[in-house]
Amino acid sequence: MKIAIPGESDKNEPRVAASPETVRKFVALGAELAVQTGAGKGAWITDAEFREAGATVSKSFEATVKDADIVLKVRRPSAAEAGKMKAGAVVIALMDPYGNEAELEGLAKAGVTAFAMELLPRITRAQTMDALSSQANLAGYRAVIDAAAEYNRSFAMMMTAAGTIAAARVFVMGAGVAGLQAIATARRLGAVVSATDVRPAAKEQVESLGGKFIAVEDEEFREAETAGGYAKEMSKEYQDKQAALIAEHIVKQDVVITTALIPGRPAPRLVSKTMIETMKPGSIIVDMALERGGNVEGAKPDTVTDHKGVRVIGYVNWPGRIATTASNLYARNLYALVETMIDKEAGALKIDWEDQIVTATALTRDGDVIHPSFAGKGE
């Protein structure tokens, strides 16, 4: 059984889909590992470290994936890349399937069996495989670090002989995994933190981290969560009421971090230019949702813009800004999933197509898109 770790074709993706730790674990299961030379460069993992862990380092993408039974990537391969893999090869990555149905059809036509890490069910057994959570957690941390680096003042309150320095006021919009980590990190740096979310369960979580919860808590709010734990899209009436409350709150903030994403939909617009203009010069806004269009009006991908003295930070690949740690955690997520697909006695690939995790994440098989949410939509 051969497992391939090719480099990422996206030059803005520094993460890698394996670590020396997971290479050793795969080798212990009887697998042969091939890593493309330089695949770990962006995450500061050298070819020598992969070799020492038991992998073979190949010079090209083609050599790496040749005859591979399993190909592990960070991002979805192109149809051209998939065409260089053997028919039936299992490809596991962050596939970004929503809105990219044509690309999924391309993978199907290439003959690979594709699995999407984003589609893992929220069940106890899948927690160690949950790449969305592991990466969002690090993204929330990094967002605060970047905000602190741009903010020309102290985050923490300080009592000095020259007088008292006030703590920064940080407002986090969206209290999912990324938002909760942002709250925790800002609190550790000494900021006074508030947060908002449309999910009722978020209130207790925010308050448990020492933040103040800000929301219009009406009947719609109390029902604003899906069975899967995601935020529902709110009515126009609720959005207007919430926007008025937020606009009043933002005026007093030094740092605003927006994290609101809804799977398969454009990111909701949370902060308008009018709101930005009410903030003090030197304030910071971090938009963590630019992969889906952004929460902040005027935010630009991979750019720090200045709007009348307020700096708006708009990176797209937040986990990639902490690539070494992000790669290590993502590699562990992948290992936890792949391990369930391997017959340990035979040291061979053996997929249980009745497994709930497999049925939830499988996108393509035998030349077709098989996931019910995407089948037939890319034609």
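Quick note, our numbering runs 48 ahead of the 1-based positions in the sequence shown.
Ideal Cβ positions, reconstructed from N, Cα and C, are used throughout, including at glycine.
All figures in this text were calculated on a predicted structure; none of them were measured in a lab.
Taking C-alpha atoms, which residue in S202, I370, D416, G86 lies nearest to G55? The residue from S202, I370, D416, G86 with its alpha-carbon nearest to that of G55 is G86.
With respect to the alpha helix (DSSP H) encompassing S181, which residues constitute its N-terminal and C-terminal limits? 179–198
Could you pull out every residue in the same chain whose Cβ sits closer than 6 Å to the Cβ of L155, ignoring the five residues on either side in sequence? A130, A162, T412
Excluding sequence positions up to five away, which residues of its chain have a Cβ less than 6 Å from the Cβ of E80? Taken in chain order, the residues that qualify are K50.
Would DSSP call V364 helix, strand or coil? Note: V364 maps to coil in three-state DSSP.
Start and end residues, beta strand (DSSP E) containing L81: 80–84
Should the region 59–76 be regarded as contacting the region 108–124, the criterion being three or more beta carbon pairs within less than 8 Å? Touching, yes, given that three or more Cβ pairs across the two stretches are closer than 8 Å.
Going by DSSP, what residue range makes up the alpha helix (DSSP H) through L228? 225–236
Is M323 closer than 8 Å to I298 when the C-beta atoms are compared? Against a cut-off of 8 Å, the Cβ pair of M323 and I298 comes out as a contact.
Taking 8 Å as the cut-off, decide whether the C-beta atoms of V83 and I53 are in contact. yes
Would you mind listing the beta strand (DSSP E) stretches within the region 339–405 that are 3+ residues and don't spill past its ends, in chain order? 352–355, 358–361
So what's F203 in DSSP terms, helix, strand or just coil? coil
Rounded separation between E255 and F261 - CA only: 7 Å
Straight-line CA distance for S242 to N200? 20 Å
Would DSSP call A164 helix, strand or coil? Here A164 sits in strand by DSSP.
Please classify N376 as buried or exposed, where buried requires at least 16 other C-beta atoms within 10 Å of its C-beta. buried
Which class does F219 belong to by DSSP, given the choice of helix, strand or coil? strand
Are G227 and T307 touching if we call contact CB-CB under 8 Å? yes
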